Amino acid sequence: MDIFNDFSVGLFAMQLVILLLLLFLLAKFAWKPILNSLSEREEGIQNALDEADNARKEMQNLQADNQRLLNEARAERDEMLKEAREMKNKMIEDAKEEANEAASKLMAQAQAAIQTEKKAAISDLKSQVANLSIEIAEKVVRDELSNKDKQEKLVESMLGEATLN
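Set out below in structure tokens:
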């Protein structure tokens, strides 16, 4: 099959016209929509990439804000714990001071009570000793005064002491 022998200029021209007409129709009706859809798709992909980049940046900002808030919350918690410890220590110190003051007051009251009881006991003891001394003196004086000779000796000794002084 020899292509050049079967070649026909009319058929060739007709096929060339049909090809050109087909290319014209494709260019007018198919190429524009295809190119438009390709550029729309390219724009859609670019927009999606931009939105993803914006979302990533926004996520980083949110994470930074979350981290900042977390750090602030930790600092506030630490401050509250510090204040609580200080309050606890102050309360303990105040309680110790109150206990020491109460103990000092009790000790002072106890010592005062002991002194009062001691004075009362000494006073009672002196009174009892005085009563016993008087009773003994009475018995001795009765015994001495019951005998006339002893009375005279006692009077003479008293007179002797009175003149000596």
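Heads up: the sequence shown begins at 583 in my numbering, then just goes up one per residue. Beta carbons: idealized from backbone N, C-alpha and C, even for Gly. Everything numeric in this text was worked out from a predicted model, so none of it was measured.
C-alpha distance - residue i paired with residue j, whole-angstrom precision
i, j, result
"L598", "E633", "49 Å"
"S739", "V722", "16 Å"
"E625", "P615", "15 Å"
"A609", "E622", "18 Å"
"D731", "D706", "38 Å"
"Q697", "D725", "41 Å"
"D588", "L601", "20 Å"
"N629", "R638", "14 Å"
"E735", "K701", "Rather than Glu, the amino acid found at residue 735 in this sequence is Lys. Roughly 42 Å separates the two Cα atoms."
"Q649", "M673", "36 Å"
"R659", "M669", "15 Å"
"E720", "Q733", "14 Å"
"N729", "K708", "32 Å"
"A612", "S619", "11 Å"
"M596", "L617", "29 Å"
"I704", "M689", "22 Å"
"Q693", "A685", "12 Å"
"L652", "A666", "21 Å"
"A764", "K687", "Any answer about residue 764 is impossible in this case: the structure gives the chain only from 583 up to 747."
Residues of its chain near residue i, where Cβ-Cβ distance is below 7 Å and the 5 sequence neighbours each way are ignored
i, result
"N682", "none"
"E644", "In the sequence on display, residue 644 carries Leu and not Glu. None."
Cβ shell of residue i (< 8 Å), same chain only, five flanking positions each side left out
i, result
"A655", "none"
Residues near residue i by beta carbon distance below 6 Å, same chain, minus five either side
i, result
"S715", "none"
"N747", "With a pLDDT of 45 at N747, under the threshold of 50, the modelled position of this residue cannot be trusted; read the value that follows with caution. Hits under 6 Å: none found."
"D635", "none"
Requested in this report: May I have a chain-ordered list of the alpha helix (DSSP H) segments no shorter than 4 residues that lie completely inside the stretch 659-746?
Outcome: 730-746
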